[in-house]
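Asker: Sharing a structure with you now.
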Amino acid sequence: MSKHLKLDIVSDVSCPWCIIGYQSLNQALIKLAADISVDITWQPFELNPDMPKEGQDITEHLTEKYGISIEQGEQNRLMIKQRGLALGYEFGNRGGGQIYNTFDAHRLLHWAKEYDKQTELKLALFDLYFKDSGDPSDHQKLLAVSQNVGLDREKAQHILASNEYEEEVRALQRHYQAMGISSVPAVIVNDKHLISGGQPPDVFEQALREIAKES
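Counting in full-length UniProt numbering, the sequence shown runs from 1 upward without gaps.
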């Protein structure tokens with residue numbers, strides 16, 4: 001009999017390890033399809049909640065935030081690009097070399113859950129930033145992406161022009177921070193098992209098999 005698992009994926013749309021982690025997870029889920037089904041909810045996490053609207057140069061940001069050299073940053077980006085390619089995801093020039101605020105993207109993702117469009121929107125937002133060098137804080141970009149995945153553009157525009165879902169997203173962020181989530185991606189299975197980071201597919205597969213046996 002197939003087991004059903006609840007997955008909450010805590011992540012940010014400008015986090016390269018988050019799309020790497022999802023690509024790995026998805027490959028594991030394909031292998032597990034005969035035995036395990038899942039319900040995925042994307043939960044909000046802002047890597048840079050204080051980032052101003054104009055954003056910041058990515059090299060400047062990484063050297064300031066993590067204390068790494070420009071050369072180390074380049075090496076990290078190359079390694080991330082290679083990991084992505086190995087999983088079938090081709091990174092472009094991340095956001096045109098900028099880091100942006102992602103809070104409004106998380107508000108739209110919260111709304112998209114109501115229409116079972118959350119994963120579609122999340123993947124489209126990853127592509128906006130990582131493949132198209134787009135700004136995920138730009139309302140026109142967000143409206144276009146929302147419409148492209150089949151969400152109502154006028155409703156999305158209303159959300160972006162208001163503070164709708166703001167408190168809900170803030171509350172979820174506080175909840176996961178209180179749980180000890182300080183880095184992403186974080187996959188929480190059945191509200192109690194944590195799989196951290198952009199793990200390889202076989203790690204996800206083994207972990208999910210073991211959790212399914214327990215449940």
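Think of the CB as a built atom: it goes at the ideal place given N, C-alpha and C, for glycine as much as any other residue. Since the model is a prediction, treat every value here as computed from it, not as a measurement.
With distances taken between CB atoms, is the gap from Asp12 to Thr41 smaller than 9 Å?
Answerer: Using a Cβ distance threshold of 9 Å, Asp12 and Thr41 do not count as a contacting pair.
Asker: Can you check whether the CB of Phe130 is closer than 9 Å to the CB of Tyr89?
Answerer: yes
Asker: Counting only the same chain and skipping the five closest in sequence on each side, list residues whose C-beta sits under 8 Å from that of Ser215.
Answerer: Lys3, Leu5 and Asn190
Asker: Taking contact to mean at least 3 C-beta pairs separated by less than 8 Å, is the segment 150 to 170 in contact with the segment 107 to 126?
Answerer: yes
Asker: Ignore the nearest five residues each way along the sequence and tell me which others in Leu108's own chain have a CB closer than 7 Å to its CB.
Answerer: Leu121, Leu142, Ser146, Ala156 and Ile159
Asker: Which value, in whole angstroms, describes the spacing of the CA atoms of Ser137 and Met1?
Answerer: 44 Å
Asker: From Ile211, Lys213, Ala212 and Ile195, pick the residue whose C-alpha is nearest to that of Ser24; which is it?
Answerer: Ile195
Asker: Beta-carbon separation of Asp135 and Gly55 under 9 Å?
Answerer: yes
Asker: Please confirm whether Asn76 and Leu87 have their CB atoms less than 9 Å apart.
Answerer: no
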